[in-house]
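Scroll down for the structure; my scribbles are underneath it.
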Amino acid sequence: MTDFVLPETGQLVETGNPWAPFQLVDGKGVIVEPVAAYFAELQACGRPDSTIRSYGMDLLRWWRFLWAWGIPWNQATRVDARDFVRWMQIADKPVRVHWRHKRAGLTAETAPPPRSKRLLPAGAANPITGKSSPGTKYALNTWAHCESVVRTFYDFHLDGTGPIINPFPLVRRRREHRAHAHQNPNAPFKHERTGRYRPTVPKRAPRRIPDEMFNALFAALKFNRDRALLAFWVSNGARADELLTSRQRDSLPGQQLVGVTRKGTRSYQQLPSSTDAFVWLRLYQEEAWRAGVPRGRNEMLWWTLRRPWRPLTYHAARAMFDRANDLLGSNWTLHDLRHTAAYRLAQDPLMPLTNVQWVLAHAHLTTTQIYLPAGPEEVIEQVRAHHARQAQQREQAPPVPASGYNPDSLNNLFGTAW
Numbered sequence: 046m047t048d049f050v051l052p053e054t055g056q057l058v059e060t061g062n063p064w065a066p067f068q069l070v071d072g073k074g075v076i077v078e079p080v081a082a083y084f085a086e087l088q089a090c091g092r093p094d095s096t097i098r099s100y101g102m103d104l105l106r107w108w109r110f111l112w113a114w115g116i117p118w119n120q121a122t123r124v125d126a127r128d129f130v131r132w133m134q135i136a137d138k139p140v141r142v143h144w145r146h147k148r149a150g151l152t153a154e155t156a157p158p159p160r161s162k163r164l165l166p167a168g169a170a171n172p173i174t175g176k177s178s179p180g181t182k183y184a185l186n187t188w189a190h191c192e193s194v195v196r197t198f199y200d201f202h203l204d205g206t207g208p209i210i211n212p213f214p215l216v217r218r219r220r221e222h223r224a225h226a227h228q229n230p231n232a233p234f235k236h237e238r239t240g241r242y243r244p245t246v247p248k249r250a251p252r253r254i255p256d257e258m259f260n261a262l263f264a265a266l267k268f269n270r271d272r273a274l275l276a277f278w279v280s281n282g283a284r285a286d287e288l289l290t291s292r293q294r295d296s297l298p299g300q301q302l303v304g305v306t307r308k309g310t311r312s313y314q315q316l317p318s319s320t321d322a323f324v325w326l327r328l329y330q331e332e333a334w335r336a337g338v339p340r341g342r343n344e345m346l347w348w349t350l351r352r353p354w355r356p357l358t359y360h361a362a363r364a365m366f367d368r369a370n371d372l373l374g375s376n377w378t379l380h381d382l383r384h385t386a387a388y389r390l391a392q393d394p395l396m397p398l399t400n401v402q403w404v405l406a407h408a409h410l411t412t413t414q415i416y417l418p419a420g421p422e423e424v425i426e427q428v429r430a431h432h433a434r435q436a437q438q439r440e441q442a443p444p445v446p447a448s449g450y451n452p453d454s455l456n457n458l459f460g461t462a463w
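Just so we're aligned, residue 46 is where the sequence shown starts under our numbering, counting upward by one.
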């Protein structure tokens, strides 16, 4: 198991069909029917296409593990699930080769590393942001997400023609009684539905971008479109992909509103934004329309900068932001802009926290409360100021007379400032 390498058999295919947006196929191109049925269930439950894609990548990893060992999906045991989880703990993540390098015939060994990963070794902390770069091993969040997805997949098939048991069980204490049995109504509810092979993921405080670093990022951008995007992300707190769903009719500069489609509920919401964001947006639109970008109320708001004109995607926006990071040697993410906007709103004493919850579209107020504590940068500055005050007090403290001297006599002789 230590030298086992997951084969790149099968793939997750984006079909473009709204009835089945993604399909998991094997090495011969045959659709994996159990996964297709699960995707249909997710779609019927109102899950967006991005969720289906995320679940599909985890199921592809599990299916490749089964294909490598010749195990039918409905005959997998808990020993197989345990070995799969153990393999995720020690295995290296696969190195993906860019499609341009694949076209040139390069492999993972011969292709140059991604530009954003040449600055620091894998897993090292960035000296500017303090955030660790992606390591060579699977992250705890990836492990936990994969365990949850495969467990819910087998739970779905247990009601039909699936296996007899779920190879990814819940913890033993959870299976002995119903959830929240003998719960004290005055005590908070505990998260009891936990998988046996699910890791404990530490809770991390949201990372915000300091004002001076945000100004440096903003100055590193070359195009008005990119400046407008950053100004909107940091002022209205929308997720990166939510802002990219806006159409030209959704921009209302007179009311300082921009309409977006929310990620989870798929509902339409108008978000207030800063005046600077609309100024940069107008500059970008004038340049884009003169260049030939489609113009109309029903057209998309954000487009690529080169022909053929295409609506801007999340991956293209992230690549733009990564290029700005490379110039500064930082590793901020697009989601850090949302954290920055949330932190700025939550720190305003005149802004009710419920209003911040509405802007961020949080289902629970407890989620919004995580932005109230000070960030690591502010804590570090306050501790430094504390040490400076302590040193200043030690310097200004009056000297203590040596043993045998009368303090009153010294005061009369030298004054009180001796």
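Note that beta-carbon positions come from the ideal geometry of N, C-alpha and C, so glycine has one too.
| Asked | Found |
| --- | --- |
| Beta-bridge partners of Asp296, as assigned by DSSP | The amino acid at residue 296 is misidentified as Asp; the sequence shows Ser. In the DSSP output, where bridge partners are listed per residue, Ser296 has Val303. |
| Closest residue to Phe67 among Arg92, Ile97, Leu87 and Ala387 (Cα-Cα distance) | Ile97 |
| Residue burial classification, Ala120 (beta-carbon count within 10 angstroms, cutoff 16) | In the sequence as presented, Ala is not what sits at residue 120; that position holds Gln. With fewer than 16 other Cβ atoms within 10 Å, it is exposed. |
| Cα-Cα separation between Tyr199 and Pro212, rounded to whole angstroms | 8 Å |
| Proximity of Leu297 and Pro244 at Cβ, strictly below 7 Å | no |
| Inter-residue CB distance, Glu287 and Thr310 (contact presumed, cutoff 8 Å) | 11 Å between Cβ atoms; not a contact. |
| Whole-angstrom distance between Glu423 and Leu274, CA atom to CA atom | 26 Å |
| 8 Å contact criterion, which Trp347 and Pro356 should meet: CB distance rounded | 7 Å |
| Distance CB(Leu382)-CB(Val279) smaller than 7 Å | yes |
| Given Gly205 as reference, the closest of Glu86, Leu405 and Ala149 once Cα atoms are compared | Glu86 |
| Where the beta strand (DSSP E) through Thr59 begins and ends | Going by the sequence as given, residue 59 is Glu instead of Thr. Looking at the DSSP string, the run of the beta strand (DSSP E) that includes Glu59 is Gln56 to Asn62. |
| Residues sharing a beta bridge with Ile76, DSSP | Val70 |
| C-beta atoms of Phe277 and Ser312 nearer than 7 Å | no |
| Own chain residues within Cβ distance below 6 Å of Met133, not counting five before or after | Tyr183 and Trp188 |
| Contacting residues, own chain, Cβ-Cβ under 6 Å from Leu390 (five flanking each side not counted) | Met396 and Val401 |
| Anticipated Cβ contact below 8 Å, Glu216 with Trp107, distance rounded | Before going further, note that residue 216 is Val rather than Glu in the sequence given. The Cβ separation is near 20 Å, so there is no contact. |
| Limits of the beta strand (DSSP E) - the one that Leu316 falls within | Tyr313 to Pro317 |
| Secondary structure of Lys182, DSSP reduced to three states | strand |
| Secondary structure of Ala436, DSSP reduced to three states | helix |
| For Ala361, the residue or residues it bridges with in DSSP | Looking at the DSSP assignment, Ala361 forms no beta bridge with any residue, so it has no partner. |
| Top-ranked residue by Cα proximity to Leu372, from Ala265, Arg272, Thr399 and Glu78 | Ala265 |
| Exposure of Tyr450, with buried meaning 16 or more beta-carbon neighbours within 10 Å | exposed |
| Helix, strand or coil at Met396 according to DSSP, with G and I counted as helix | coil |
| Own chain partners of Thr412 with C-beta closer than 7 Å, once the 5 adjacent residues on each side are dropped | none |
| Proximity below 7 Å, CB of Arg253 to CB of Thr385 | yes |
| Contacting residues, own chain, Cβ-Cβ under 7 Å from Leu203 (five flanking each side not counted) | Asn211 |
| Boundaries (first-last residue) of the alpha helix (DSSP H) holding Leu275 | Asn269 to Asn281 |
| In DSSP terms, what Trp348 is bridged to | Pro356 |
| Straight-line gap, His146 to Ala156 (C-alpha atoms, nearest Å) | 6 Å |
| N-terminal and C-terminal residue of the alpha helix (DSSP H) that Gly101 is part of | Asp94 to Trp114 |
| Residue span of the alpha helix (DSSP H) that contains Thr413, given as start and end | Leu410 to Thr413 |
| Among Ala362, Glu344 and Ser375, the one whose alpha carbon lies nearest that of Glu257 | Ser375 |
| Residues near Gln427 in its chain [Cβ-Cβ closer than 8 Å; skip 5 each side] | Ala419 |
| Straight-line gap, Val50 to Ala387 (C-alpha atoms, nearest Å) | 42 Å |
| Helix, strand or coil at Ala169 according to DSSP, with G and I counted as helix | coil |
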